[in-house]
Amino acid sequence: MKPSIISHKISFVISILFVFFTFLISGQTNNNKFFCKSEMKIINTIDKKYLLGQFNYKSEKNFVKVEAQYGNKEDMYLQKEVYEAFLKMRIAALKDGITLIIVSATRNFNEQKTIWEAKWTGNKLVNGENLSLTVKDPNERAKIILNYSSMPGTSRHHWGTDIDINSINKDYFSSEKGNKVYEWLMTNAATYGFCQPYNEKNNLRPNGYEEEKWHWSYISIANQYLSDYKKTITYKDITGFMGSETSITLDIIKNYILGINQNCIN
């Protein structure tokens, strides 16, 4: 065989090998990029346990304890940024003669379960009634409890972003004192990042919880939780408590979790 022919064949083989290895390396590079993107997505998505409240907030580094003078009970915790925003808002309110006190902060799954099941079993009366005796239909019983209490795994209080201010009694906000507090919050809370998620029901919010003038949410963080909840949580995750089966028939995610003041989503 002539040297020129041998040389030509060798060059051809080398060219084929070069193309093959180039493709292989390129494929590995693309795979690395893919995995990096996937890892970034995982990092940027809030873990289910936080969305569902299945964690101990007292041991989380980004949660802080509410100081006694700013709350009406011991052992309340909030995410640090939320707490700092509340303190700034509180100082501003004091200058206008308004005192703001936190009466409820973070509640995890087990704490919410205790509240829910006490009402479900009749250990805690609802509107003076033992619901386990007066309302046998589980869906109807759940709807009554859902007027003001969330199912475990569905409460915004799980996130450490939401607070109840001054009182959870609607009569308080009908009083002269309570009305002044509410008017101040309506005028000024947004300046400090807070919004009332459960406003009066209207055509933009026909479903969900009744109006809660005391419930205020730190939106910049809460909206990330809400977005990830919508993308991540399914009805299979809403379980582990009495009456959990009603979450499907009542479409809890659409009607309650997403049934909030539209101004709080922007």
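Residues in the sequence shown are numbered consecutively from 866, following the numbering used here.
Just so you know, even glycine gets a beta-carbon here, dropped at the ideal spot from N, CA and C.
Fair warning: this is a prediction, and the values are worked out from it, not measured in the lab.
Top-ranked residue by Cα proximity to residue i, from the options
i       : options                              : result
Glu932  : Ala958, Met1051 and Val968           : Val968
Gly1043 : Glu1077, Lys1101 and Glu939          : Glu1077
Gly987  : Ile980, Ile963, Gly1018 and Leu996   : Leu996
Ser1015 : Gly1073, Lys1101 and Arg955          : Gly1073
Gln934  : Thr1099, Asn1088, Gln1089 and Ile956 : Ile956
Leu943  : Asp961, Asn921 and Lys960            : Asn921
Ile1033 : Thr979, Ile1084, Ala970 and Trp985   : Ala970
Gln977  : Leu1115, Met1107 and Gln1127         : Met1107
Glu1075 : Ser1109, Leu998, Ile1010 and Asn927  : Ile1010
His1080 : Ile1030, Ser1109 and Lys1035         : Ile1030
Tyr1013 : Lys984, Asn1067, Val1046 and Lys914  : Lys984
Residues near residue i in its chain [Cβ-Cβ closer than 7 angstroms; skip 5 each side]
i       : result
Thr1111 : Pro1003, Asn1004 and Ala1007
Ser1082 : Arg1021, Thr1026, Asp1027, Phe1059, Cys1060, Pro1062 and Cys1129
Ile1117 : Met1016, Thr1019 and Ile1103
Ser1085 : Gly1058
Asn937  : Ile966 and Val968
Asn1064 : Arg1070, Glu1076 and Asn1126
Leu1115 : Asn1004, Ala1007 and Lys1008
Lys989  : Ala983
Glu1041 : none
Rounded straight-line distance, which links the Cα of residue j to that of residue i
i       : j       : result
Val929  : Ile966  : 16 angstroms
Thr1056 : His1022 : 21 angstroms
Asn975  : Glu925  : 16 angstroms
Thr910  : Ala1087 : 13 angstroms
Lys1119 : Lys960  : 40 angstroms
Leu952  : Tyr1037 : 22 angstroms
Ala950  : Thr1052 : 16 angstroms
Leu1069 : Gln1127 : 7 angstroms
Trp981  : Glu939  : 21 angstroms
Tyr948  : Asn927  : 11 angstroms
Cys901  : Lys914  : With a pLDDT of only 33 at Cys901, under 50, the local geometry of the prediction cannot be trusted, and the value read off the model is given with reservation. When rounded, the distance between both Cα atoms is 23 angstroms.
Lys1045 : Asn992  : 27 angstroms
Lys1035 : Lys1066 : 15 angstroms
Beta-carbon proximity of residue i to residue j, cut-off 9 angstroms
i       : j       : result
Gly1018 : Ile1098 : yes
Ile1125 : Trp1049 : no
Ile1122 : Tyr1100 : no
Met941  : Ala1054 : no
Chain-order list of residues whose beta-carbon lies under 6 angstroms from that of residue i (same chain, five-residue window excluded)
i      : result
Glu946 : none
Gly918 : Asn973, Phe974 and His1023
Residues near residue i by beta carbon distance below 8 angstroms, same chain, minus five either side
i       : result
Leu916  : His1023, Trp1024, Tyr1090, Asp1093, Tyr1094, Thr1097 and Ile1098
Val884  : Note on Val884: pLDDT 44, under 50, position unreliable in the model; the coordinate value appears next. Taken in chain order, the list of residues that qualify is empty.
Val1000 : Glu994, Arg1006 and Ile1009
Mind pulling the beta strand (DSSP E) runs of 3 or more residues that sit fully within the stretch 939-966? 942-944
Which runs of the alpha helix (DSSP H), 4 residues or longer, sit entirely within the stretch 1031-1075? Whole alpha helix (DSSP H) segments, 4+ residues: 1041-1053.
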